[in-house]
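Enquirer: Got a structure for you, written out below as structure tokens; questions coming shortly.
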Amino acid sequence: MDNDILKVLYSQNEIKEACERLGKQIQKEYEGKTPVVIGVLKGAVFFMADIVRAADTYMQMDFIDVSSYHGGTKSSGEVELVTDITLDAAGRDVLIIEDIVDTGQTLKFLMDTFANRGANSIKVCTLLDKPAGRLVEANSDFIGFEVPNEFVVGYGLDYDEKYRNLPYIGVLKPKIYSHN
Ligand code: XMP
Ligand code: MG
């Protein structure tokens, strides 16, 4: 897989350090509380696993799967709930764990969903923030790294469902896209 990568943006070690930093921030934020930590499938799986183990605080974990459709005639994507969490978010402190916030549409959908369910508080932790891609306002409380407006893969992030298992975050070579 390494041969398909144009450049490495964040190394395995840099990611590890970021997870420890974010885990400690989350620990401090939720001291004395038991948040519901919700990972967004599938991209946030490795990230969630690493940050929760760096946060020494009580929490409950759940997962949600959403998909966004960027229709040819539409400039903005529509987000749909694919698989819901199993816990009840009403009255709870919700922490959403995302892999990347790009247009912001997925995050806005998730925040609206948990607000409608009566969550007590909603915060967001994202591994990557791509501010140049933003179409709707959706801000994260905890951010691993900012990335430029390029398509990135690795450490959970995919291209065509591949490259999620790369231990680092990188930019794909253009020839990978043109072959598909
Ligand atoms: P939005 O645009 O709703 O996007 O903020 C959030 C979801 O889109 C996917 N996404 C990416 N996936 N590399 C990826 O592998 C990227 O550069 C990228 N940009 C957006 C991702 O699934 C994210 O949850
Ligand atoms: Mg994806």
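All the letters of the sequence shown, read from the start, carry residue numbers 1 to 180 under UniProt numbering. Note that CB positions come from ideal geometry on N, CA and C, so glycine has one too.
Suppose the cutoff is 6 Å on Cβ atoms and the five residues either side in sequence are ignored; what does the same chain contact list for Val157 look like?
Expert: Translated into the one-based positions of the sequence shown, residue 157 becomes position 157. One detail in the question is off: residue 157 reads as Leu in this sequence, not Val. Contacts found: Gly43, Asp99.
Enquirer: For Ile97, which beta-bridge partners are listed by DSSP?
Expert: Walking along the sequence shown from the start, residue 97 turns up at place 97. According to DSSP, which records beta bridges pairwise, Ile97 is partnered with Gly39, Cys125.
Enquirer: With 16 as the cutoff for other CB atoms within 10 Å, does Gly104 come out buried or exposed?
Expert: In the sequence shown, residue 104 corresponds to position 104, counting from 1. Buried, by the Cβ-count rule.
Enquirer: The beta strand (DSSP E) with Lys173 in it runs from where to where?
Expert: Locating residue 173 in the sequence shown gives position 173, counting from the first residue. Looking at the DSSP string, Lys173 is not in any beta strand (DSSP E), and its letter there is neither H nor E.
Enquirer: Measuring CB to CB, does Val37 end up less than 8 Å from Met1?
Expert: Indexing the sequence shown from 1 puts residue 37 at position 37. Indexing the sequence shown from 1 puts residue 1 at position 1. Not closer than 8 Å, so no.
Enquirer: Hey, Val94 and Pro35: beta-carbon distance below 8 Å or not?
Expert: Taking the sequence shown and counting its residues from 1, the one referred to as residue 94 is at position 94. Taking the sequence shown and counting its residues from 1, the one referred to as residue 35 is at position 35. Taking 8 Å as the Cβ cut-off, Val94 and Pro35 qualify as a contacting pair.
Enquirer: Considering only the alpha carbon of each residue, which of Ser140, Phe114, Arg21 lies closest to Thr126?
Expert: For the purposes of this step, residue 126 is identified with residue 126 of the sequence shown, where counting begins at 1. It is Ser140.
Enquirer: I'd like the list of long-range same chain contacts for residue 182, defined as Cβ closer than 6 Å, with 5 residues on each side in sequence excluded.
Expert: There is no way to answer for residue 182, as the model of the chain reaches only from 1 to 180.
Enquirer: Hey, is Phe151 close to the ligand XMP, as in C-beta under 7 Å from one of its heavy atoms?
Expert: Taking the first residue of the sequence shown as position 1, residue 151 is located at position 151. Flag set: Cβ of Phe151 near the ligand XMP.
Enquirer: For Lys33, which residues of its own chain have a beta-carbon under 8 Å away from its beta-carbon, when the five flanking residues on both sides are left out?
Expert: Here residue 33 refers to the residue found at position 33 of the sequence shown. Closer than 8 Å at the Cβ level, and outside the excluded window around Lys33, lie Thr57, Tyr58, Asp93.
Enquirer: I'd like to confirm something about Leu107: is its beta-carbon nearer than 7 Å to some heavy atom of the ligand XMP, or not?
Expert: The residue labelled residue 107 in the question sits at position 107 within the sequence shown. Answer for Leu107: yes, Cβ within range of the ligand XMP.
Enquirer: Hey, how far is the Cα of Phe142 from the Cα of Ile26?
Expert: As a first step, residue 142 is located in the sequence shown; it is residue number 142 there, counting from the start. As a first step, residue 26 is located in the sequence shown; it is residue number 26 there, counting from the start. So the alpha carbons of these two residues sit roughly 8 Å apart.
Enquirer: On the premise that Gly170 lies in contact with Gly154, defined as a C-beta separation below 8 Å, what is that separation, rounded to the nearest angstrom?
Expert: Reading the sequence shown from its first residue, position 154 is the one you call residue 154. Reading the sequence shown from its first residue, position 170 is the one you call residue 170. Rounded, the Cβ-Cβ distance is 5 Å, consistent with contact.
Enquirer: In whole angstroms, what separates the C-alpha of Glu31 from that of Asp129?
Expert: Counting from 1 along the sequence shown, the entry for residue 31 is found at position 31. Counting from 1 along the sequence shown, the entry for residue 129 is found at position 129. Glu31 and Asp129: Cα-Cα distance of roughly 26 Å.
Enquirer: According to the neighbour-count rule (16 or more other Cβ atoms, all chains shown, within 10 Å of its Cβ), is Asp50 buried or exposed?
Expert: The sequence position of residue 50 within the sequence shown is 50, counting from 1. Buried, by the Cβ-count rule.
Enquirer: Grab me the residues of Leu110's own chain with a C-beta within less than 6 Å of its C-beta, minus the 5 sequence neighbours each way, in chain order.
Expert: Taking the first residue of the sequence shown as 1, we reach residue 110 at position 110. Contacts found: Ile96.
Enquirer: Which residues in the same chain as Gln12 place their Cβ atom closer than 6 Å to its Cβ, once the five residues preceding and following it in sequence are excluded?
Expert: As a position in the sequence shown, residue 12 is number 12, starting the count at 1. Here the set comprises Pro167, Tyr168.
Enquirer: Just to check, is the beta-carbon of Lys130 closer than 7 Å to a non-hydrogen atom of the ligand XMP?
Expert: To locate residue 130, count along the sequence shown from 1; it is residue 130. Within the cutoff, so yes.
Enquirer: Check the C-beta distance from Asp102 over to Thr86 and give it rounded, since I have them as a contact under 8 Å.
Expert: Indexing the sequence shown from 1 puts residue 102 at position 102. Indexing the sequence shown from 1 puts residue 86 at position 86. At roughly 27 Å, the Cβ-Cβ gap does not stay under 8 Å, so Asp102 and Thr86 are not in contact.
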